[in-house]
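Numbering (UniProt numbering), first residue to last: 1 to 441. All C-beta atoms in this analysis are idealised placements derived from N, C-alpha and C, irrespective of residue type, glycine included. Fair warning: this is a prediction, and the values are worked out from it, not measured in the lab. What follows is a short report on a single structure.
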Amino acid sequence: MSNTGQPEKTEKFQPLSAPKGVPDYVPPTSATFHAVRSEFVRQAQLAGYQHIELPIFEDTTLFARGVGESTDVVSKEMYTFADRGDRSVTLRPEGTAGVMRAVIEHNLDRGQLPVKLNYYGPFFRYERPQAGRYRQLQQVGVEAIGVDDPLLDVEVIALADRCYRAVGLTGYRLELTSLGDSTCRPAYRQKLQDFLLDLPLDEETRHRAQINPLRVLDDKRPEVQEMTADAPLMLDHLSDECRAHFETVTGSLDDLGIAYTINPRMVRGLDYYTKTCFEFVHDGLGAQSGIGGGGRYDGLMAQIGGQDLSGIGFGLGVDRTVLALEAEGVQIEGVDQRVVAYGVGIGEQAQKRMALLIDELRANGISADMSYGGRGLKGAMKGADRSGAGAALVLGERELEAGEITVKNLEDQTQKTVALDVHEIIDAIFIPDDANEPGEV
Ligand code: HAM
Numbered sequence: 001m002s003n004t005g006q007p008e009k010t011e012k013f014q015p016l017s018a019p020k021g022v023p024d025y026v027p028p029t030s031a032t033f034h035a036v037r038s039e040f041v042r043q044a045q046l047a048g049y050q051h052i053e054l055p056i057f058e059d060t061t062l063f064a065r066g067v068g069e070s071t072d073v074v075s076k077e078m079y080t081f082a083d084r085g086d087r088s089v090t091l092r093p094e095g096t097a098g099v100m101r102a103v104i105e106h107n108l109d110r111g112q113l114p115v116k117l118n119y120y121g122p123f124f125r126y127e128r129p130q131a132g133r134y135r136q137l138q139q140v141g142v143e144a145i146g147v148d149d150p151l152l153d154v155e156v157i158a159l160a161d162r163c164y165r166a167v168g169l170t171g172y173r174l175e176l177t178s179l180g181d182s183t184c185r186p187a188y189r190q191k192l193q194d195f196l197l198d199l200p201l202d203e204e205t206r207h208r209a210q211i212n213p214l215r216v217l218d219d220k221r222p223e224v225q226e227m228t229a230d231a232p233l234m235l236d237h238l239s240d241e242c243r244a245h246f247e248t249v250t251g252s253l254d255d256l257g258i259a260y261t262i263n264p265r266m267v268r269g270l271d272y273y274t275k276t277c278f279e280f281v282h283d284g285l286g287a288q289s290g291i292g293g294g295g296r297y298d299g300l301m302a303q304i305g306g307q308d309l310s311g312i313g314f315g316l317g318v319d320r321t322v323l324a325l326e327a328e329g330v331q332i333e334g335v336d337q338r339v340v341a342y343g344v345g346i347g348e349q350a351q352k353r354m355a356l357l358i359d360e361l362r363a364n365g366i367s368a369d370m371s372y373g374g375r376g377l378k379g380a381m382k383g384a385d386r387s388g389a390g391a392a393l394v395l396g397e398r399e400l401e402a403g404e405i406t407v408k409n410l411e412d413q414t415q416k417t418v419a420l421d422v423h424e425i426i427d428a429i430f431i432p433d434d435a436n437e438p439g440e441v
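Laid out in structure tokens, this is it:
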């Protein structure tokens, strides 16, 4: 009541939506999302990549220096703001720069090399949202730092391939190239730039040719593709060392039976790449077809103030992998968020006892839930059915007095009465008893 004695009008708020371009994962899709991410991390751990938990935001300088000022990611897409102490911070648009910063800060690069780390979580890019392109995106990534061995490139690529296969994905392909390194790329870049600046390019593309000529090769417009059809390619201008490195990578992928196509026009959206670069592409996804990518980044650590060590890694897009699984109609096995047992207590005492029982079941590793809110038998049984549980545990006042409980199998509708003891109940849930007849509760 207000002080005038009149009832106050309650203000009606408009329901809110998630910020534009930010996906929610609700059941049942959330189970697939979780399963994909867990499986990717499990595979990384199988290959010796230990977990690193990174901050969600970093000093803006890290990304400007690490990812590169000329990239779209840094120049157009970062969520950058001043904190209350007026420091410029940025929500991480990717993981590699943060991993390098942490490796240097914690001297991980002073021990055994390569340092092999995995990470997962959200990243933020202010991109134009569309199907499969989000402003909060989720990746699982790995980085292997400190050894410039082409076999390590192969390990990382093979690991990505294994991750996709492990979740049941088949309709994807691997594209591969080499971007050279500081010994051969500058001269190539100059050659490409000279070629491009001789073309009748529009103003914007000409500008791009000046700041990042390699990106022009990735232009999807047919007229630009036509004009650049004869452009010099990095693959034809590799140093002997880079060429040998790339040949070992492709040869070892052949040995492993991992199929790939060489795409000499591949351009990655981040500046730090050198030598091997790769992308996994899924054709069921429309324009946003990259389900993961990575490569070598041999100058990055020195670039952000560390030793001059090499590195290679990948970021696998969890969102797009979930979409790709949907496009292929693949269900991940064992993805089930439903509980095994659902308690139905009838009457106050039975409900209190049920709360103890489901706690005991959980302590024994059996997922369990129960009907709350004092619902009657019919409503509570409906709740049991809706929960998707395999068994309903029905406890009325009479059973409570007798120290018994009814375990009803919700799939075949059989039921049996057992002692009100957690182990007896677990046996009754899991050991089918052919002698039982379908029954009513
Ligand atoms: P990236 O290619 O920018 O690489 O991103 C990796 C993957 O994240 C993409 O292939 C895609 O599946 C997913 N992804 C990127 N942007 C979006 C978006 N807006 N919406 C949905 N999914 C997206 C990196 O981030 C590098 N840090 C990978 C790396 C690690 N390279 C070396 N080490």
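- If you look at SER387, you'll find it in the alpha helix (DSSP H) that goes 377 to 387.
- Around the beta carbon of GLY317, a 10 Å sphere encloses 16 or more other beta carbons of the protein chains shown; the residue is thus reported as buried.
- ALA419 is not a Cβ neighbour of ALA389, given a cutoff of 7 Å.
- Spanning the alpha carbons of SER30 and ASP148 requires a straight line of approximately 38 Å.
- Inclusion of GLU94 in the 6 Å shell around the ligand HAM follows from its C-beta lying nearer than that to a non-hydrogen atom of the ligand.
- Secondary structure of THR32 (DSSP, three-state): helix.
- Less than 7 Å separates the beta-carbon of THR80 from that of THR90.
- Nearest in C-alpha terms to LEU54, of all of ALA82, THR10, HIS34, VAL103, is VAL103.
- The beta-carbon separation of GLN50 and LEU113, rounded to 14 Å, does not stay under the 8 Å limit for a contact.
- DSSP, reduced to helix, strand and coil, places GLN190 within a helical segment of the structure shown.
- Counting along the chain, the unbroken alpha helix (DSSP H) around PHE63 starts and ends at 60 to 66.
- In this structure LYS12 is exposed. Its beta-carbon is surrounded by fewer than 16 other beta-carbon atoms within 10 angstroms.
- Excluding its 5 nearest sequence neighbours in each direction, GLY315 has C-beta neighbours in its own chain below 7 Å: GLU94, GLY95, GLN139, GLY141, GLY292, GLY293, GLY294, listed in chain order.
- Every beta strand (DSSP E) of 3 residues or more that sits fully in the stretch 148 to 219 is shown, in chain order, as 172 to 178.
- Residue state for HIS423 is assigned as helix, using DSSP reduced to three classes.
- If you compare the alpha carbons of LEU151, VAL74, ALA187 with that of ILE312, the shortest gap goes to LEU151.
- Apart from sequence neighbours up to five positions away, the residues of its chain that approach ILE157 with a beta-carbon distance below 6 Å are PHE278, ordered along the chain.
- The stretch 175 to 182 and the stretch 261 to 277 touch, with no fewer than 3 CB-CB distances between them shorter than 8 Å.
- At a threshold of 6 Å, PHE314 counts as near the ligand HAM, since its beta carbon sits closer than that to one of the ligand's heavy atoms.
- Going by beta carbons, VAL394 and VAL344 fall inside the 7 Å limit.
- Look at ASP153: its beta carbon is at least 6 Å from all of the heavy atoms in the ligand HAM.
- Here the stretch 248 to 259 makes no contact with the stretch 283 to 290; the two share fewer than three CB pairs at distances below 8 Å.
- Comparing alpha-carbon positions, the option among ARG87, ALA166, PHE57, ALA18 lying closest to GLU333 turns out to be ALA166.
- In the three-state reduction of the DSSP assignment, HIS245 falls in the helix class, which pools H, G and I.
- Within the same chain, Cβ atoms closer than 8 Å to the Cβ of PRO23 are found at TYR134, GLN136, ASP319, the five residues on either side in sequence being excluded.
- The DSSP-derived three-state label of VAL322 is helix.
- In summary, VAL26 is exposed, with fewer than 16 beta-carbon neighbours lying within 10 Å of its beta-carbon over all protein chains present.
- Per DSSP, the continuous beta strand (DSSP E) segment holding ASP369 begins and ends at 368 to 370.
- Our two residues, VAL216 and SER367, have alpha carbons roughly 55 Å apart in a direct line.
- Residue environment for ASP153: buried (at least 16 other C-beta atoms within 10 angstroms of its C-beta).
- Burial of THR321 is indicated by the presence of at least 16 other C-beta atoms within 10 angstroms of its C-beta.
- Rounded to the nearest angstrom, the gap between the Cα atoms of LEU253 and LEU323 is 27 Å.
- Pairing ARG125 with ASP230, the inter-Cα distance amounts to about 33 Å.
- Comparing alpha-carbon positions, the option among LEU356, THR71, SER371 lying closest to ASP385 turns out to be SER371.
- Taken atom to atom, the span from the alpha-carbon of GLN415 to that of GLN14 is near 47 Å.
- Taking all protein chains in view, the Cβ of GLN210 is surrounded by fewer than 16 other Cβ atoms within 10 Å, so the residue is classified as exposed.
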